[in-house]
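Participant: Can you keep this structure in mind? I'll have questions shortly.
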Amino acid sequence: MANVLQTRVRVNTPSVVNPDAFRRLLAPLTVRGHRLRNRIVLAAHTTSFGQDGVPGARARAYYEARAAGGVGLIVMEPLPVHRTGGVTPQNYRFEDERFVPALRAVVDAVHAHGTTFVSQLYHLGPNADDTATLRERWGPSERAVPDGPGMLHAVDEVEIAELLHGHVRAARAAVAAGVDGLECMFAYDTLVDGFMAARWNQRDDGYGGPFPNRMRLAREILGSLRAAIGPDRLLGVTLSAGLDEYVEAAEHLASECDLDYIAIGNGSYDAPHLLIPPMGTELGMGIACAAPVKARTSGLAVIAEGRINHPDVAEQALRDGACDLVGMTRALIADPELPQKAARRDVSTIRPCIADNLCIARRIRKFPIACLQNPEVGFEAEIRANGRDRSVVVIGGGVAGLEAARHAAELGDTVTLFEREDDVGGQVRVLARLPGREEFGLVVDWRRRELARLGVDVRSRTAPSADEIAELGPDLVVVATGSTPRPSAEGVLTPYDVLAADSPPEGAVVVVDEEGNHKGLGIAELLARDRGGVTLVAVSGPVGAELTPAFALPLALERLLAAGVQVVEGHAAAEIGPRHVLLRRRYDGATRRLEATVVVDAGRQEARADLLPILRSRGLAAVAVGDARAPRQIADAIREGYAAVASGAPPTVMP
811 MANVLQTRVR
821 VNTPSVVNPD
831 AFRRLLAPLT
841 VRGHRLRNRI
851 VLAAHTTSFG
861 QDGVPGARAR
871 AYYEARAAGG
881 VGLIVMEPLP
891 VHRTGGVTPQ
901 NYRFEDERFV
911 PALRAVVDAV
921 HAHGTTFVSQ
931 LYHLGPNADD
941 TATLRERWGP
951 SERAVPDGPG
961 MLHAVDEVEI
971 AELLHGHVRA
981 ARAAVAAGVD
991 GLECMFAYDT
1001 LVDGFMAARW
1011 NQRDDGYGGP
1021 FPNRMRLARE
1031 ILGSLRAAIG
1041 PDRLLGVTLS
1051 AGLDEYVEAA
1061 EHLASECDLD
1071 YIAIGNGSYD
1081 APHLLIPPMG
1091 TELGMGIACA
1101 APVKARTSGL
1111 AVIAEGRINH
1121 PDVAEQALRD
1131 GACDLVGMTR
1141 ALIADPELPQ
1151 KAARRDVSTI
1161 RPCIADNLCI
1171 ARRIRKFPIA
1181 CLQNPEVGFE
1191 AEIRANGRDR
1201 SVVVIGGGVA
1211 GLEAARHAAE
1221 LGDTVTLFER
1231 EDDVGGQVRV
1241 LARLPGREEF
1251 GLVVDWRRRE
1261 LARLGVDVRS
1271 RTAPSADEIA
1281 ELGPDLVVVA
1291 TGSTPRPSAE
1301 GVLTPYDVLA
1311 ADSPPEGAVV
1321 VVDEEGNHKG
1331 LGIAELLARD
1341 RGGVTLVAVS
1351 GPVGAELTPA
1361 FALPLALERL
1371 LAAGVQVVEG
1381 HAAAEIGPRH
1391 VLLRRRYDGA
1401 TRRLEATVVV
1411 DAGRQEARAD
1421 LLPILRSRGL
1431 AAVAVGDARA
1441 PRQIADAIRE
1451 GYAAVASGAP
1461 PTVMP
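The letter at position 351 of the sequence shown is residue 1161 when you use our numbering, and the numbering goes up by one with no holes.
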């Protein structure tokens, strides 16, 4: 397999020492009298941290942590302007009498750190969630709803008046809370985006037809908002390159409305892998979308967005003149201190965003966002100060063990980590060899560097016995010994067998995917590249089902198609052997036999935690984390490693 793996994409985390490295990124920018201390923007994103319709302590701590980390501009998550326009039960409700004082507390906390704060307004239109709003979905014209049965309601002029009034009322509430400005999301197939788009707007009144008519609603909203917020506050708008005429729309709004900035995203809910690009997409891919708007507008700032996950990428965009500001939202979720670290030229300590997209996947499932890399997201108010001095032993150097060791050392503990292999990283280090998954290596690399920086004693090629561990007298033992593949039958390979082999198997290959995640899809793609003859059987549901909430499925399917992988769905695996797979069709029980030279079972794992009861029998405080507790996903392992040393007790489920 070595010859196959040589095609791995190289992912770098540069360590910059040039004192002028981020001169443009860190330069202040004054917009309508508001001084942004740098060019870094936390763009609007739905955190779902709302508490009964208002931003409470959880939201305040989340935004304050990013302000304390040095970001120049924060745009708060979108505020629905009408009862038909929301997307999640946790959306804020500006009509609630508690909203203004709650938002004022957030604004004051952000301002205390010198960060400018803007509130975004929107009506999600066709992509509103009628289970949350209990209302019909709105659009410029009648058409099928994009993700289920039913039709959109074509808004009339009375409802357009309601929409304008809703924007003004929401704006007045935000202004009363002390925000520095407002932003409108006219992007991603929201209601106003639909009015601007010729393919969705089939109206024959003054809001449809020619381009100026299709832009009328946007102009009216922005005009009403400027009148409501006055001449001193910022007013911005977000557009998407998914709109065919987005550059013309930006030019039009820049010339016709009293705007201060335009943010340019990409994609829509029809093309989610462009809206929030997943791992495997090009770094900085959204910058090219902002460049033509910057070139064809003047007098206002342009924000670029889209996989700008490192200060180097951001600085280059500014150096090239593609934009004036850079949206680094997911990067700031992963590491709130990114701006300060860039200012110190300490970039090797930046916890990198790898675009795993757990953030959006949880939001899509109606839960508060989280981050694979940063288990503190949403729990910033609970972060403990360091100063402890316990002795902690960690058994296992996979990502759960690495995170446990890192956080324990961060809290002031003396930490020893034992890893039986030559290197740390466990399964994640191996799976980073899969095509498009190379950035998983950064999960390991960053923690390896942090352990060295924090002085953790890492002992590789060592598997101590319970007696040897007891002799160390630890206050806490974290068992992070991981998991192993469940055996199917003798001769059936696992993904790890394939990745460890010297050369790829010959002949026809069947990959049985029991999880619907990257492991099975990645192995199928890897084996099929340049040779074909690979069939992927998705036995847990539709192929790549677990990738859908993370907006990663379109790209994964594109890669499978390009590699020539044949896909079989709708069956359960009745029998898996070394040369065949017997399938049973789900809807009628009919059987189908697939013959193969090699069968790879990308199946579930078994926990390996035999050491835990032995340690406890010695009277040691011991806790299992990650796969040793129950095999699941990388984010679960990292979160549990963090939580175990923070509390010294078994991790609780994330609310």
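For each residue, glycine too, the CB sits at the ideal point set by N, CA and C. Just so we're clear, the structure is a prediction, and the values are computed from it rather than from any experiment.
Would you give the residue range spanned by the beta strand (DSSP E) that Y1079 belongs to?
Facilitator: Careful: Y1079 lies outside any beta strand (DSSP E) and carries neither H nor E.
Participant: In terms of residues, what are the limits of the alpha helix (DSSP H) holding H892?
Facilitator: Taken as a continuous stretch (DSSP letters only), H892 belongs to no alpha helix (DSSP H), as it is neither H nor E.
Participant: Which of the three DSSP states is assigned to R1449 in this structure?
Facilitator: helix
Participant: So within the segment 1347-1429, which uninterrupted beta strand (DSSP E) runs reach at least 3 residues, ignoring any that extend past its ends?
Facilitator: 1376-1378, 1381-1386, 1390-1395, 1401-1405, 1408-1412 and 1415-1417
Participant: Is W1256 helix, strand or coil by DSSP?
Facilitator: Here W1256 sits in helix by DSSP.
Participant: From T857, T840, H1217 and V1112, pick the residue whose C-alpha is nearest to that of P1180; which is it?
Facilitator: This sequence places Ala at residue 1180; Pro is not what is there. Nearest C-alpha to A1180: T857.
Participant: If you run the structure through DSSP and keep just helix, strand and coil, what is H923?
Facilitator: In the structure shown, H923 falls within a coil segment according to DSSP collapsed to helix, strand and coil.
Participant: For the segment 1298-1312 against the segment 1215-1233, do three or more pairs of beta-carbon atoms, one drawn from each stretch, fall closer than 8 Å, so that the two count as touching?
Facilitator: Between the segment 1298-1312 and the segment 1215-1233 there are fewer than three inter-stretch CB-CB distances shorter than 8 Å, so the stretches are not counted as touching.
Participant: What residues are listed by DSSP as bridge partners for F1228?
Facilitator: I1205 and R1269
Participant: Taking the beta strand (DSSP E) that L1045 belongs to, which residues open and close that run?
Facilitator: L1044 to S1050
Participant: Looking only at its chain, what residues have a beta carbon closer than 7 Å to the beta carbon of P1465, apart from the 5 residues adjacent to it on each side?
Facilitator: Here P1465 scores only 36 on pLDDT, less than 50, and its place in the model should not be relied on; the value that follows carries that caveat. Same-chain partners within the cutoff: there are none.
Participant: Out of E887, A964, V965 and E905, which has the shortest C-alpha to C-alpha gap to V928?
Facilitator: E887
Participant: With which residues is G991 paired in a DSSP beta bridge?
Facilitator: V928 and L1044
Participant: Who are the Cβ neighbours of G1387 in its own chain at under 6 Å, not counting the five residues just before and after it?
Facilitator: Around G1387: A1299.
Participant: Mind listing, in chain order, the continuous alpha helix (DSSP H) runs of no fewer than 4 residues lying wholly within the segment 1268-1300?
Facilitator: 1276-1281
Participant: Since V1187 and I1448 should fall inside the 8 Å C-beta cutoff, what is the C-beta to C-beta distance between them, to a whole number of angstroms?
Facilitator: Contact flag wrong, Cβ pair sits at about 11 Å.
Participant: So is R842 in contact with chain B if we call contact Cβ pairs under 8 Å?
Facilitator: In the structure shown, chain B cannot be found, because there is only a single protein chain.
Participant: Tell me whether N1196 is buried or exposed, calling it buried when 16 or more other Cβ atoms sit within 10 Å of its Cβ.
Facilitator: exposed
Participant: L1282: buried (16+ other C-beta within 10 angstroms of its C-beta) or exposed?
Facilitator: So L1282 counts as exposed.
Participant: Have a look at G1094 and A1124 and give me their C-alpha separation to the nearest angstrom.
Facilitator: 8 Å
Participant: Does the pairing of the segment 1346-1355 with the segment 1368-1385 give three or more beta-carbon distances under 8 Å?
Facilitator: yes
Participant: In chain order, what residues of the same chain have a beta carbon less than 7 Å from the beta carbon of L843, not counting five sequence neighbours either side?
Facilitator: Here residue 843 turns out to be Gly, not Leu, going by the sequence shown. So the qualifying residues of the chain are D1042.
Participant: So for A1262, helix, strand or coil by DSSP?
Facilitator: A1262 falls in the helix class under three-state DSSP.
Participant: Straight-line CA distance for G1292 to V1234?
Facilitator: Pairing G1292 with V1234, the inter-Cα distance amounts to about 12 Å.
Participant: What's the C-alpha gap between V1288 and G1265?
Facilitator: 18 Å
Participant: Among W948, L1212 and D830, which has the Cα closest to the Cα of S1270?
Facilitator: L1212
Participant: Name the residue from R1394, E1405, A1373 and L1371 whose alpha carbon lies nearest to the alpha carbon of A1382.
Facilitator: R1394
Participant: Distance check for W1010 and T817, CA to CA, integer angstroms please.
Facilitator: Low per-residue confidence applies at T817: pLDDT is 28, beneath 50, and the placement is therefore not dependable enough to give any value.
Participant: Taking a contact to mean a Cβ-Cβ separation below 8 Å, would you say R1247 touches H1328 in this structure?
Facilitator: yes
Participant: Between N848 and P1149, is the Cβ-Cβ spacing less than 8 Å?
Facilitator: Here N848 is near P1149, since their CB atoms are less than 8 Å apart.
Participant: Taking just the CA atoms, how far does L1084 sit from P1441?
Facilitator: 31 Å
Participant: Could you pull the start and end residues of the beta strand (DSSP E) that H844 belongs to?
Facilitator: H844 to L846
Participant: G1052 and N1076: beta carbons closer than 8 Å?
Facilitator: yes
Participant: What distance in whole Å lies between the Cβ atoms of Y998 and S1050, which are believed to be in contact at a cut-off of 8 Å?
Facilitator: 5 Å
Participant: Decide yes or no for the touch test of the segment 1031-1041 against the segment 980-995: beta carbon pairs closer than 8 Å, at least 3 of them.
Facilitator: yes
Participant: Using C-beta distances below 6 Å, list every residue in its chain close to H923, excluding the 5 sequence neighbours before and after it, in chain order.
Facilitator: A877 and A878
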